[in-house]
Amino acid sequence: MKRVATILLVLFLATVLCGEHEKNRFHFQESQNTPEYKEKIAAQIKESKENKLKGINVSDDEKLKIHIVSHSHDDVGFKKTLDQYYSGSNEMVVRAGVQYILDEVIQHLDEDPTKRFVYAEMAFFTRWWDEQNEDMKNTVRRLVTNGQLEFINGGWSMNDEATTYYEDIITNMQKGHQFLLEEFGVTPNVGWHLDPFGHSNAQAALFSRMGFDAWYFCRIDYRDKEKRRDESNLEFLWTPFLEDRGDKDSIFTHITYDMYWGIPNFYFGDSRTEDPIVPGFTLDQRLDEFASWVYTFKDTFKTNNIFIPFGGDFNYQNAATIFINLDRLIKYANERFSDMDVFYSTPNTYIEEVMKTEGVEWSTNYDDFFPYADDKESYWTGFFTSRANQKGYIREASRQYMASNQFLAIEAVKKVIDSDKLAKQEVLEDALSIAQHHDAATGTSKQFVADDYIDYLYNGIKASEEAQTEIMTDLIDPSLDWTFCDVKNGTLDDCAIMKSLSEGKKVVVSIANPSTMRRTNEIVHFEIPNDVEIQVEDFYSPDVAVKGESYSIKNSDLDTDLRTYWTLLVDEVDSLATRSYVLSPTPKSPSSGVDNGLKTDSDVKFDFEITDDSIVSIHYTKCSQECQSLDFEFEYRYYTSYEGKGQKSGLYIFRDEGAGQTSQSYNTIVDFHIQKGDIASVMHLRGDKVDSRVVINNYADVPFATVTSDVHGIEGEHGVEVTVNFRTEKVTSDRFYTDSNGMIMEERIINQRKHYDLTDLQGFEVVSNFYPVNSAITLRDDTNQFTILNDRAQSGTSLRSGEIEILIHRRTTFDDDRGVEEPLDERNSDNSTISVQIQHQVIGATIESLHKENYNEVKRLQRAINEEPLQVFYSKVPESAPQERSSLKCPSLPNNIKLVLKVLDSQRVMARIYNMNEHFDNLTEPTSFDLSTLVNLVANLRQEGEGFSVTEWNLSLNKQVTSSSKINWSITDGKATFEGEKFETGVGNYFDLGSQEMRSFIFNFGETSPNQVVE
Ligand SMILES: [Zn+2]
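Heads up, the sequence shown is in UniProt numbering, so the first residue is 1 and it goes up one at a time.
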């Protein structure tokens, strides 16, 4: 017994001595830290050794199968840029070169057929692959075919789950999966999200729809992990979107015992100093140490399979040091222990073995894993907001990508697919997919790496805008020279329309609708010269009345700082169509004042109050047939970042000063200006720290306010966490709802988690209640709903009834000790602190008025404003009168059905339909969809006699949907049972599209048979 005690001591020392960035790794759960437990493990080890000595064989079924899984976690940018990590440059920061990792690993796999390795990040792998000669490519193909090299996850990057939007997650995964299918004919079966900081229901659902049978991750709340270890519940069937999708999105889930580095003292990685496994006097001791971990795992998992990942960040650059030790570990452990079968394995092989185990019942999980805390002081709720400008830019890139995809697809269907435009679009697709990485979208990289992501996105956006402008030129009027206008925060500040107008020249402005929703009564703002008035008419039909109005504001007390804006009411744009207007500048007559809006038929009242120079209350009522009102107040507040002992507030972690602290008022309003126009009611507020603008479109069906906040750079010696707080008196509730990656709404209850007890909350009552918000946060009671839509990922909560609080900008003066080694202190080139401009939509109405026909007005706004905003182009006016071109005649689909188009290659276009309705809005009745709508659209655009085929595919377009190929898991609570999913064909082309259902079709133009729908 004495000897065993020594072994355990070594084990615990190793745990204590873990590196500083490996905080909180591998702690025994309480119940496993008892002398009784240690004795039990020691006895098991002893028995296993004695059986071996006595020649007693354990049957194969009873043996512990120890799956040694070799992997390298290669961040697509973190402490170095993606390109530096790939090439291995900038060694001063960190020694890591992915090209060498892949070179080394392939060589070792080639030399020894028993070795296996898994690889996840396609942004790296494709860079390496492009540089290999045909011999090497053949070697790799052989290793993939014989199962030695296995691709898992397979996204371009390993996306974050808290700060990403569902469309971008799909883009990232599809890009990697298409590469793997084309080069290797491979379709990954498991998701591998070892590092992302918390996990979402949408991710689980999307992975399931990509054909994954299982996924792996590590980071969940420390209390949850403790509980799951105790209850042998680290493996389960996750059934997301239950109320909408039943069990259709179920996916088996494995949460690692601790992190992804394997077990302490056995990392053998490049920079590690663990004792090697060598024959000699330490060998038996090392093997017993290994065995004690194996038995601990066995106590925690339900089958005889033990999953041990071996490999950390950028490991295997010196693959030999790891493989030599693993080879010996496998050899000698198999020799020493009678009941162990230790071997190189993969996540797929592990799942296959687990499935073979009979009689195991799995629990079911329905909830997401947010927020993540790795100890009682450390809530990872800051990164939901960190680097607010970068987060905004990622969403801007996403909108640009989606919009240009739509029009590129229309053009591709009409004539030939233009490879040059497709290449430009791919520059953005690459940048956008990289930006989904869990140190990119999150903002948790070093500053120079964050700048590199912005460069990638900038180049991508510019390339895509060029492609889109060429397409629009074709679609609108090829005789004109069109220019793309950036749409930022509802104004066109960057658009050069201003220059033409100030020179007295007329311009044609064309508004393109990238969605299949017919758009009505939306507004677009232009900045115009102060000294002109604008006359507007329809480009093609000058007789049609068009409405526009201007208003001026002062940005400071200086007379020279006047700016004038002009609002255009876009009364109607059809699905995937454009609408064009001519703007004519005329000198402003002296009589025209600021309030020159036309008087409206409806009775609009727009009042406000300002309390304590900081709280703005808005009272808006519009009566036409009936009256609708919008009443809310908003205020900017802040918390001081915690900078004391222990965990500090930083890039990842949000920590306020705690213990009874509330936030303080942040901004003093110094000036305001109000404009009650016909088209819009506008209020501008100038503050000492935040300028803001409230715009309410008087023509909107359900009134909503767009609040733009221009948060000045945060100054001072201490970290500051700025919030905007929206309040309503109409909703009383102790719970709130936040979206899951822009898809469904999740219920949140203050100071509660659904599947574990939230203990040790004292001092953390604020930060523990923040959740990721990617599209919406809502308060609701029986009759009223109050929703804030946002334009980028943010951290949000509702700490008091009737109040929504959103963290909008952060600056910290300390690093929070999770590896970046920098505070969150973003600076401009002149070293001033950065400002942030963000936008929220505020919708407060009765639930009844929000629910229209078969959709919810909030979801429609999410699409119209934050997913598929109108695109703006301009040109100079032609000499001769324009000829109206025949429009595309794309059908408008119901507002709850979203159509996403994407050109895949020279012969194929994807069309994905998504029913955005959801249980939260009580809209679960399926919508009948006629596939002929799509087929006829394509047929009409094609030349006469040109055939194509249509096939249905899974979400990442790497498996054709024919019948169920998913695994049937038996589960304990009976709430959901998995029956598989079948594609029904045959009866006409109608099918029901359930709430939250997506279906993806590929139109293939390379086939010669006439128009046909193929199963
Ligand atoms: Zn990582």
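Just so it is clear, CB atoms sit at the ideal spot from N, CA and C, and this is done for glycine as well. In this text, all values refer to a predicted model and were calculated from it rather than measured experimentally.
- Message: Any heavy atom of ligand 1 inside 7 Å of the beta-carbon of His-193?
- Response: For the purposes of this step, residue 193 is taken as the residue at position 193 of the sequence shown. A distance criterion of 7 Å places the beta-carbon of His-193 beyond contact range of ligand 1, judged by its closest non-hydrogen atom.
- Is the closest heavy atom of ligand 1 to the C-beta of His-438 under 7 Å? In the sequence shown, the residue the question calls residue 438 occupies position 438. With a cutoff of 7 Å, His-438 counts as near ligand 1, since its C-beta is closer than that to a heavy atom of the ligand.
- Message: Counting C-beta neighbours from all protein chains within 10 Å, is the total for Lys-499 16 or more, i.e. buried, or is it exposed?
- Response: If you number the sequence shown from 1, residue 499 lands on position 499. Residue environment analysis places Lys-499 among the exposed positions, since fewer than 16 neighbouring C-beta atoms fall within 10 angstroms of its C-beta.
- Task: Determine, using beta carbons only, whether Phe-184 and Arg-142 come nearer to each other than 8 Å.
- Result: Reading the sequence shown from its first residue, position 184 is the one you call residue 184. Reading the sequence shown from its first residue, position 142 is the one you call residue 142. Here Phe-184 is not near Arg-142, since their CB atoms are 8 Å or more apart.
- Task: Would you check whether ligand 1 has a heavy atom nearer than 7 Å to the C-beta of His-73?
- Result: The residue given as residue 73 occupies position 73 in the sequence shown. Checking every heavy atom of ligand 1 against the Cβ of His-73, one is found closer than 7 Å.
- Task: Can you tell me which of Asp-341, Asp-339, Leu-422, Met-259 puts its alpha carbon nearest to the alpha carbon of Asp-374?
- Result: Here residue 374 corresponds to residue number 374 of the sequence shown, with the count starting at 1. If we check each option's Cα against that of Asp-374, Met-259 comes out closest.
- His-108: first and last residue of the uninterrupted alpha helix (DSSP H) it sits in: Start at 1 with the first residue of the sequence shown, and residue 108 comes out as number 108. Per DSSP, His-108 belongs to the alpha helix (DSSP H) from 98-111.
- Taking C-alpha atoms, which residue in Val-938, Ala-123, Glu-857 lies nearest to Glu-426? Position 426 of the sequence shown, counted from the first residue, corresponds to residue 426. The residue from Val-938, Ala-123, Glu-857 with its alpha-carbon nearest to that of Glu-426 is Ala-123.
- Task: Give every residue of the same chain whose Cβ lies closer than 8 Å to the Cβ of Asp-561, excluding the five residues on either side of it in the sequence, and list them in chain order.
- Result: Along the sequence shown, one-based indexing puts residue 561 at 561. Lys-554, Asn-555, listed in sequence order.
- Item | Option nearest residue 1019 by Cα separation, candidates Glu-377, Asn-459, Asp-451, Ile-471 | This structure does not reach residue 1019, given that the chain is present from 1 up to 1015, and the question cannot be answered.
- Message: So if DSSP puts Lys-898 in a beta bridge, which residue, or which two residues, is it bridged to?
- Response: As a position in the sequence shown, residue 898 is number 898, starting the count at 1. Its beta-bridge partners are Tyr-914.
- Which of helix, strand or coil does DSSP assign to His-919? Indexing the sequence shown from 1 puts residue 919 at position 919. Helix, per DSSP.
- Excluding the 5 residues preceding and the 5 following Glu-572 in the sequence, name in chain order all residues of the same chain whose CB lies nearer than 6 Å to its CB. Within the sequence shown, the letter at position 572 stands for residue 572. In chain order, Thr-520 place their CB closer than 6 Å to the CB of Glu-572, counting only its own chain and leaving out the 5 sequence neighbours on each side.
- Query: If you count every other CB in all the chains shown that lies within 10 Å of the CB of Leu-428, and 16 or more means buried, which is it?
  - Reply: Within the sequence shown, the letter at position 428 stands for residue 428. Per the 10 Å Cβ criterion, buried.
- Is the segment 86-98 touching the segment 46-63, taking contact as three or more C-beta pairs under 8 Å? Contact fails: fewer than three Cβ-Cβ distances are below 8 Å.
- Work out the CA separation of Ser-208 and Thr-239 for me, nearest whole Å. The residue given as residue 239 occupies position 239 in the sequence shown. The residue given as residue 208 occupies position 208 in the sequence shown. Thr-239 and Ser-208 have their alpha carbons spaced roughly 10 Å apart.
- Item | Residue burial classification, Cys-890 (beta-carbon count within 10 angstroms, cutoff 16) | In the sequence shown, counting from the first residue as 1, residue 890 sits at position 890. Cys-890 comes out buried.
- Message: Please state whether the Cβ-Cβ distance between Glu-918 and Asp-367 is less than 8 Å.
- Response: Position 918 of the sequence shown holds residue 918. Position 367 of the sequence shown holds residue 367. No, Cβ-Cβ distance for Glu-918 and Asp-367 is not below 8 Å.
- Going straight from the alpha carbon of Gly-312 to that of Thr-282, what length do you get? Walking along the sequence shown from the start, residue 312 turns up at place 312. Walking along the sequence shown from the start, residue 282 turns up at place 282. Rounded to the nearest angstrom, the two C-alpha atoms are 25 Å apart.
- Message: Using CA atoms only, rank isn't needed, just tell me which of Ser-832, Asn-172, Val-508 is closest to Gln-436.
- Response: What you label residue 436 is simply residue 436 of the sequence shown in a count that begins at 1. Of the candidates Ser-832, Asn-172, Val-508, the residue whose Cα lies closest to the Cα of Gln-436 is Asn-172.
- Query: Which one of Trp-128, Thr-349, Leu-64, Glu-377 has the shortest CA to CA distance from Asp-341?
  - Reply: Taking the first residue of the sequence shown as 1, we reach residue 341 at position 341. Relative to the Cα of Asp-341, the nearest Cα in the group Trp-128, Thr-349, Leu-64, Glu-377 belongs to Leu-64.
- Could you round the C-beta distance between residue 1037 and Tyr-165 to whole angstroms and report it? I think they count as a contact, below 8 Å. Residue 1037 lies beyond the stretch modelled for the chain, which goes from 1 to 1015, so this question has no answer here.
- DSSP state of Met-158 mapped onto helix, strand, coil: For the purposes of this step, residue 158 is taken as residue 158 along the sequence shown, with counting starting at 1. In the structure shown, Met-158 sits in coil (DSSP, three-state: anything other than H, G, I, E or B).
- So, do the segment 61-75 and the segment 31-38 have three or more beta carbon pairs nearer to each other than 8 Å? The count of Cβ pairs closer than 8 Å, one atom from the segment 61-75 and one from the segment 31-38, stays below three, leaving the stretches out of contact.
- Own chain residues within Cβ distance below 6 Å of Glu-465, not counting five before or after: Translated into the one-based positions of the sequence shown, residue 465 becomes position 465. Excluding positions up to five away in sequence, the list reads Phe-484.
- Task: Could you name the residues that DSSP lists as bridge partners for Gln-647?
- Result: As a working mapping, residue 647 is identified with position 647 in the sequence shown. Partner(s): none; Gln-647 has no beta bridge.
- Message: Using a 10 Å radius around the Cβ and a threshold of 16 neighbouring Cβ atoms, would you call Gly-716 buried or exposed?
- Response: In the sequence shown, residue 716 corresponds to position 716, counting from 1. Result: exposed.
- Query: Candidates Thr-738, Met-743, Thr-787, Phe-786: which alpha carbon is nearest Phe-770's?
  - Reply: Counted from its first residue, the sequence shown places residue 770 at position 770. Put simply, of Thr-738, Met-743, Thr-787, Phe-786 the residue whose alpha carbon is nearest the alpha carbon of Phe-770 is Thr-738.
- Message: Contact defined as beta carbons within less than 8 Å: I believe residue 1049 pairs with Val-903. What is the distance between those atoms, to the nearest angstrom?
- Response: As displayed, the chain neither begins before 1 nor continues past 1015, which places residue 1049 out of reach and without an answer.
- Val-950 beta carbon less than 8 Å from that of Phe-1005: The residue labelled residue 1005 in the question sits at position 1005 within the sequence shown. The residue labelled residue 950 in the question sits at position 950 within the sequence shown. Cβ distance not < 8 Å, so Phe-1005 and Val-950 don't count as in contact.
- Proximity of Ile-68 and Leu-326 at Cβ, strictly below 8 Å: As a first step, residue 68 must be located in the sequence shown, where it is residue number 68. As a first step, residue 326 must be located in the sequence shown, where it is residue number 326. Yes; because the gap between Cβ atoms is below 8 Å, this pair is in contact.
- Nearest CA to the CA of Thr-732: which residue from Leu-799, Ile-744, Val-722, His-684? Numbered from its first residue, the sequence shown carries residue 732 at position 732. That would be Leu-799, whose Cα lies nearest to the Cα of Thr-732.
- Task: Kindly indicate the opening and closing residues of the alpha helix (DSSP H) around Lys-331.
- Result: Numbered from its first residue, the sequence shown carries residue 331 at position 331. Per DSSP, Lys-331 is one residue of the alpha helix (DSSP H) stretching across 319-336.
- Could you tell me whether the Cβ atoms of Val-570 and Phe-539 are closer together than 8 Å? Along the sequence shown, one-based indexing puts residue 570 at 570. Along the sequence shown, one-based indexing puts residue 539 at 539. Contact annotation: Val-570 and Phe-539 have beta-carbon atoms that are not nearer than 8 Å.
- On the DSSP bridge assignment, give the partners of Leu-237 in chain order. Within the sequence shown, the letter at position 237 stands for residue 237. Looking at the DSSP output, Leu-237 bridges to Phe-252, Thr-364.
- Message: With the cut-off set at 8 Å, would you say Ala-659 and Val-842 are in Cβ contact?
- Response: Start at 1 with the first residue of the sequence shown, and residue 659 comes out as number 659. Start at 1 with the first residue of the sequence shown, and residue 842 comes out as number 842. Inclusion of Ala-659 and Val-842 in the CB contact set at 8 Å is not warranted, their separation being larger than that value.
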